[in-house]
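*Asks:*
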Amino acid sequence: MLTPKQNVLEVIKGGNPDRFVKQYEFIKILLSDPYHQQYPVMPAKPGDPAVKCGWGYWNAWPEGHIGAFPMHDKEHLVCPDITRWKEFVKAPAIDYTEEDWKACIDEVNSIDRDKYFVAPFIAPGLFEMCHYLCEITEALVNFYEEPEAVHELIEYVTEWELAYAEQICKYMKPDALFHHDDWGTQRSSFLSKEMFDEFFLEPYTRIYKYYHDHGVQLIVHHNDSYSANLVPSMIEMGIDVWQGAMSVNNLPELIQKYGKDITFMGGIDNGKVDKPDWTQEDIERETDQLCRDCGKLYFIPCTSHGLAFSCIPGVYEAVDEEIDKMSKELF
């Protein structure tokens, strides 16, 4: 039996996997790096107090909601005017020492790297940072009305990411990267491919090339939205696995067209299964035929959620069970 690491590589390379990759089983995503020890990503659970993150924005997770989102009222908005972004946006300091990295290094050393990929967690990404800092509607308008200022802000964030990537590669020595950046709704990408490429293709290519050049084998990019039109750009950027690929993207067609260049991880939309009244029948309906249609190569069945858990207890584990069932049927 192949290890999770060996099995996923067989899937990605078009080889001979011995089962479906079971969601995130192949990757250990670490949050013990000093940046995440210093700054929270979001509240731990719905209803907890809002938290202030490293870039100054506040994330809230209200009771009854399935995820956190930044607060954009007048009191909490970081950048009310993109043309004056330098007055408002300050990158968090990341001058960490080896001692600051000790907890992370210890966690890395506890992982069997013959079985699992080790990955840092990077979020929000370049596009999300634009709207986390500026508010989503204003951010989208800014791409049209103030492109020069938006380019400057993206470059500022990119340089910070590259500076932190240097520390990550020095101390953590990861062999994978888990990078978060949602690029659309369930109907379309937020930006046309042409505008997306204008703002994000070059910065992301630089970031992902840095990681690849420094020992990172797999770039796993989370983006739970419709983004079929952006797949060629993902490939050009250097993304190896698109995690969060929702069912609205016609995954069998994308796998047939692009599978040799990128692997699709998702297809089980959280909105359809990760709900208080979920049943195993719901999960069976969303998983079984998907596995049959997408096949054994260039595809990882997974919920579209951006980490290895579900918002409703039990859902993630139930999906694992269903994937095991399909492995027995199809392998």
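In numbering that gives the first Met the number 0, the protein residues as written are 0 to 330.
For every residue, glycine included, the Cβ atom is placed at its ideal position computed from N, Cα and C.
Predicted model only: the values in this text are computed from it and were never measured.
#1: Going along the chain, which residues of its own chain have a beta-carbon closer than 8 Å to the beta-carbon of T302, five neighbours each way excluded?
#2: Any chance you could list the beta strand (DSSP E) runs of at least 3 consecutive residues sitting entirely within the region 27-115, in chain order?
#3: Between the Cα of V20 and those of F116, A307, P312, I299, spot the shortest distance and give me the residue it belongs to.
#4: Of the choices K114, E137, G124, P251, whose alpha-carbon is the least far from that of V77?
#5: Let me confirm a value: I254 is counted as buried when at least 16 other C-beta atoms fall within 10 Å, else exposed. Which label applies?
#6: Helix or strand or just coil, what does DSSP make of H220?
#7: Between Q216 and A164, which are expected to be in contact by the criterion C-beta below 8 Å, what is the C-beta distance as a whole number of angstroms?
#8: If you draw a straight line from the C-alpha of D113 to the C-alpha of F25, how long is it?
#9: Which residue marks the beginning of the alpha helix (DSSP H) containing Q242, and which one marks its end?
#10: Grouping DSSP H, G and I as helix and E and B as strand, with all else coil, what is C310?
#11: If T157 sits next to R205, beta carbons under 8 Å apart, how far is it from one beta carbon to the other, in whole angstroms?
#12: Can you give me the C-alpha to C-alpha distance between T278 and D287, rounded to a whole angstrom?
#13: Return the Cβ separation of S246 and W182 in integer angstroms, given the expectation that the two are a contact with Cβ distance under 8 Å.
#14: Can you find at least 3 beta carbon pairs, one from the region 188-202 and one from the region 221-239, that sit closer than 8 Å?
#15: In the DSSP output, what is V156 paired with across the bridge?
#16: Could you say which of S232, S224, P275 lies nearest to L250 if we only look at CA atoms?
#17: Suppose only complete runs of 3+ residues qualify. What are the beta strand (DSSP E) ranges in the region 260-289, listed by chain order?
#18: For the region 124-141 against the region 64-81, are there 3 or more C-beta pairs whose distance is under 8 Å?
*Replies:* Put simply:
#1: Here residue 302 corresponds to residue number 303 of the sequence shown, with the count starting at 1. Excluding residues within five positions, the ones whose Cβ falls inside 8 Å are Q22, G265, I267, D268, N269, V272, D273, S309, V314, Y315, V318.
#2: The region 27-115 is shown to contain whole beta strand (DSSP E) runs of 3 or more residues at 57-59, in chain order.
#3: On the sequence shown, position 21 is the one that residue 20 refers to. Checked all of F116, A307, P312, I299; the closest Cα to V20 is I299.
#4: Here residue 77 refers to the residue found at position 78 when the sequence shown is read from its first residue. Of K114, E137, G124, P251, the residue nearest in Cα terms is E137.
#5: For the purposes of this step, residue 254 is taken as residue 255 along the sequence shown, with counting starting at 1. With 16 or more other Cβ atoms within 10 Å, it is buried.
#6: By 1-based counting over the sequence shown, the position of residue 220 is 221. DSSP places H220 within a strand segment (E or B) once states are collapsed to three.
#7: Translated into positions along the sequence shown, residue 216 becomes position 217. Translated into positions along the sequence shown, residue 164 becomes position 165. Q216 to A164, Cβ: 15 Å. No contact.
#8: Locating residue 113 in the sequence shown gives position 114, where the first residue counts as 1. Locating residue 25 in the sequence shown gives position 26, where the first residue counts as 1. D113 and F25: Cα-Cα distance of roughly 10 Å.
#9: Position 243 of the sequence shown, counting from 1, holds the residue named residue 242. Q242 -> not in any alpha helix (DSSP H); beta strand (DSSP E) instead, spanning 240-244.
#10: Your numbering for residue 310 matches position 311 in the sequence shown. For C310, the three-state secondary structure derived from DSSP is coil.
#11: Locating residue 157 in the sequence shown gives position 158, counting from the first residue. Locating residue 205 in the sequence shown gives position 206, counting from the first residue. Contact flag correct, Cβ pair sits at about 7 Å.
#12: Mapped onto the sequence shown, residue 278 falls at position 279. Mapped onto the sequence shown, residue 287 falls at position 288. Approximately 14 Å between the Cα atoms of the pair.
#13: Locating residue 246 in the sequence shown gives position 247, counting from the first residue. Locating residue 182 in the sequence shown gives position 183, counting from the first residue. S246 to W182, Cβ: 17 Å. No contact.
#14: Taking 8 Å as the limit for Cβ pairs, the verdict is that the region 221-239 does touch the region 188-202.
#15: Stepping through the sequence shown from its first residue, residue 156 is reached at position 157. None; V156 has no bridge partner.
#16: Here residue 250 corresponds to residue number 251 of the sequence shown, with the count starting at 1. Closest by C-alpha distance to L250, out of S232, S224, P275, is S224.
#17: Segments of the beta strand (DSSP E) lying fully in the region 260-289: 262-267.
#18: Yes, the region 124-141 touches the region 64-81.
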